[in-house]
Amino acid sequence: MTFDDKTRAFMDKIAKKGSVLGLDAMCLLMQALGDPQEQLQVIHVAGTNGKGSTCAMLQSILCLQGYRVGLYTSPAVFCYEERFSIDGAYIDAATFNAYMHRMEDAWQEVERQHGVCATIFEVETALAYLYFYEAGCDYVIMEVGMGGATDASNVLNHSLCSVFAAIGRDHMQFLGPDLESIARIKAGIMKAGGQAVSTWQEPKAAKVLEDVAKAGKTGLTFCDESKVKIKQRKPLCYDYKEFSDIEVPLEGSYQLQNSVLVLETIRTLRKLGVFISDAAVKEGMQKTVWQGRMECLCKEPLIYMDGAHNLPAAKRLWETLESDFTNKSITYIMGVLADKEYEEMLALLLPRAGHIYTVTPDNARALPAEKLQKTIENLSYAALACPSLEDALYQALQAGDDMILAFGSLSYLGDFKKIVKASVKE
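If you use the working numbering, the sequence shown corresponds to residues 157 to 582, in order.
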């Protein structure tokens with residue numbers, strides 16, 4: 157996206173302010189904008205892994221039913237504007253710049269009157285709410301950025317439905333040291349007297365969700381894994397409760413869990429009076445596109461990339477490799493952020509590696525490729541640190557394994573996809 161000078165200067169200015177826990181500044185910013193979020197029918201999605209895929213499937217289904225549907229996600233993986241979409245179409249530069257100018261006016265008013273400054277993520281989230289409201293969206297799907305209770309997206313007095321994808325250990329420095337602490341913060345998006353839906357969770361996380369729902373008189377429904385009847389694994393096709401022959405085009409064994417969560421959410425929305433036909437569910441699921449999650453970039457040679465960047469996601473990736481790529485030798489291209497549990501990820505995933513090439517993601521929190529190489533060698537595996545993604549891809553193509561898999565951080569997947577498309581001819 158091309159930011160105009162005014163937008164760029166404002167975004168650079170507030171990005172330097174850093175992050176502040178709490179919703180005080182966000183509430184004041186939304187008040188300055190007229191609280192548009194309170195006029196929206198919001199489906200609020202939290203969780204550690206699977207949020208993005210879940211949101212994409214929900215948007216696709218609701219759009220197929222004929223509704224106008226806004227979707228806000230983070231972080232950006234392939235382009236900045238992908239974070240703000242209506243009916244699958246990204247916001248254009250002129251519209252974004254115009255809205256950001258209005259954000260600056262509201263931000264300055266809040267700073268002048270109250271002496272507080274909203275962060276860059278809070279401003280982006282506020283922009284999304286205002287954009288979706290003024291665009292006349294029937295429904296808005298908001299992905300939580302991090303946590304839940306104090307996330308900027310939670311500046312809501314009510315929501316249509318709170319949705320919980322898989323909850324696991326990530327961002328412990330912000331959310332707490334254990335699964336219960338993390339689950340409790342994520343559970344904070346539930347609204348008193350409202351409705352919530354959750355995928356099957358680890359028992360400790362499920363218990364927290366149940367306790368919070370009970371305290372707030374929130375109707376909480378868990379997906380029932382025992383009701384899943386798999387007919388075909390690749391491409392995935394299954395029955396769930398009253399839904400039959402659900403086909404999911406997204407690869408990765410974890411998409412079963414995500415798509416069942418979507419179906420259970422559809423069941424709850426129907427109970428709330430939202431009309432969604434079986435045909436829209438089936439076609440919407442079939443037409444879902446979500447980049448960077450076990451995405452096949454090239455079939456010959458076989459190249460995949462996956463957004464696995466924390467231990468729970470690594471476990472899901474491992475399950476996919478074991479179930480769908482059992483007999484294939486795999487070359488890894490891997491780059492990670494230094495604040496992730498990458499040593500545990502390595503211990504889990506290295507046994508499947510044929511060759512390993514490390515890279516440094518374009519992110520301030522990135523672990524240098526050389527340090528990742530050393531960590532891998534300390535685990536008794538060979539690895540080569542590469543100076544660039546181009547070099548890593550070149551080395552991987554020479555390795556001669558059956559498949560290349562890039563993973564470890566969302567930060568570099570957009571660039572990697574461009575490099576593969578430019579360098580490899582099927």
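C-beta atoms are modelled at their ideal positions from N, C-alpha and C, and glycine is treated no differently.
Can you tell me which of the three DSSP states residue i falls into?
i: residue 266; result: helix
i: residue 461; result: strand
i: residue 416; result: helix
i: residue 120; result: Nothing can be reported for residue 120: it is not among the residues displayed for the chain, which extend from 157 to 582.
i: residue 435; result: helix
i: residue 285; result: helix
i: residue 257; result: helix
i: residue 396; result: strand
i: residue 422; result: helix
i: residue 319; result: strand
i: residue 223; result: coil
i: residue 115; result: Since the first residue of the chain shown is 157 and the last is 582, residue 115 is not available in this structure.
i: residue 486; result: strand
i: residue 177; result: coil
i: residue 228; result: strand
i: residue 493; result: strand
i: residue 331; result: helix
i: residue 249; result: helix
Within the continuous beta strand (DSSP E) that includes residue i, where are the two ends?
i: residue 389; result: 384-389
i: residue 242; result: 240-242
i: residue 354; result: 351-354
i: residue 450; result: Premise fails: residue 450 is in no beta strand (DSSP E) and is neither H nor E.
i: residue 403; result: 399-404
i: residue 559; result: 559-563
i: residue 532; result: It is not in any beta strand (DSSP E) - residue 532 instead sits in the alpha helix (DSSP H) that spans 525-534.
i: residue 377; result: 375-378
For residue i versus residue j, is the C-beta distance shorter than 8 Å?
i: residue 425; j: residue 379; result: no
i: residue 386; j: residue 279; result: no
i: residue 182; j: residue 311; result: yes
i: residue 315; j: residue 350; result: yes
i: residue 127; j: residue 445; result: Residue 127 is absent from the structure shown; the chain starts at 157 and stops at 582.
i: residue 540; j: residue 568; result: no
i: residue 205; j: residue 324; result: yes
i: residue 317; j: residue 199; result: yes
i: residue 193; j: residue 285; result: yes
i: residue 477; j: residue 464; result: no
i: residue 571; j: residue 495; result: no
i: residue 179; j: residue 306; result: yes
i: residue 436; j: residue 217; result: yes
i: residue 454; j: residue 580; result: yes
i: residue 461; j: residue 363; result: no
i: residue 509; j: residue 516; result: no
i: residue 270; j: residue 162; result: no
i: residue 287; j: residue 330; result: no
i: residue 584; j: residue 185; result: The chain is shown from 157 up to 582; residue 584 falls before or after that span and cannot be answered.
Thinking just about the alpha-carbon of each residue, which of the options is nearest to the one in residue i?
i: residue 275; options: 385, 484, 173, 397; result: 173
i: residue 370; options: 344, 388, 298, 395; result: 344
i: residue 507; options: 495, 514, 407, 532; result: 532
i: residue 341; options: 210, 303, 319, 167; result: 303
i: residue 196; options: 184, 226, 214; result: 226
i: residue 439; options: 329, 202, 213, 224; result: 213
i: residue 322; options: 543, 192, 209; result: 209
i: residue 511; options: 489, 393, 494; result: 489
i: residue 458; options: 485, 157, 432; result: 485
i: residue 164; options: 252, 198, 234; result: 252
i: residue 187; options: 409, 536, 259; result: 259
i: residue 233; options: 500, 157, 339, 396; result: 157
i: residue 498; options: 215, 520, 535; result: 535
i: residue 428; options: 388, 375, 396, 500; result: 375
i: residue 409; options: 550, 553, 422, 451; result: 451
i: residue 398; options: 434, 501, 449; result: 434
i: residue 537; options: 335, 566, 505, 549; result: 505
i: residue 166; options: 264, 250, 219; result: 264
i: residue 448; options: 203, 565, 189; result: 565
Quick one: give me the first and last residue of the alpha helix (DSSP H) that residue i is part of.
i: residue 209; result: 207-220
i: residue 570; result: 569-579
i: residue 339; result: 335-342
i: residue 368; result: 359-371
i: residue 170; result: 161-171
i: residue 476; result: 467-480
i: residue 502; result: 498-505
i: residue 509; result: Run containing residue 509: none in the alpha helix (DSSP H); it sits in the beta strand (DSSP E), 509-514.
i: residue 545; result: 545-555
i: residue 587; result: Beyond the ends of the chain as shown, which are 157 and 582, falls residue 587; an answer cannot be given.
With a threshold of 7 Å, establish whether the CB of residue i neighbours any heavy atom of the ligand SAH.
i: residue 426; result: With respect to the ligand SAH, the structure offers nothing, as it holds no ligand at all.
If contact is defined by three or more beta carbon pairs under 8 Å, each pair taking one atom from either stretch, is the region 465-485 in contact with the region 394-406? Two segments are said to touch when three or more pairs of C-beta atoms, one from each, lie closer than 8 Å; by this definition the region 394-406 does not touch the region 465-485.
Is there contact here, the region 346-359 with the region 408-417, by at least three beta-carbon pairs under 8 Å? The region 346-359 makes contact with the region 408-417, as at least three CB pairs between them are under 8 Å.
Between the region 556-564 and the region 479-487, can you find at least three pairs of beta-carbon atoms closer than 8 Å? With the cut-off at 8 Å, the region 479-487 and the region 556-564 touch.
contact_flag[the region 281-301, the region 226-235] where n(CB pairs < 8 Å) is 3 or more: Segments in contact, yes.
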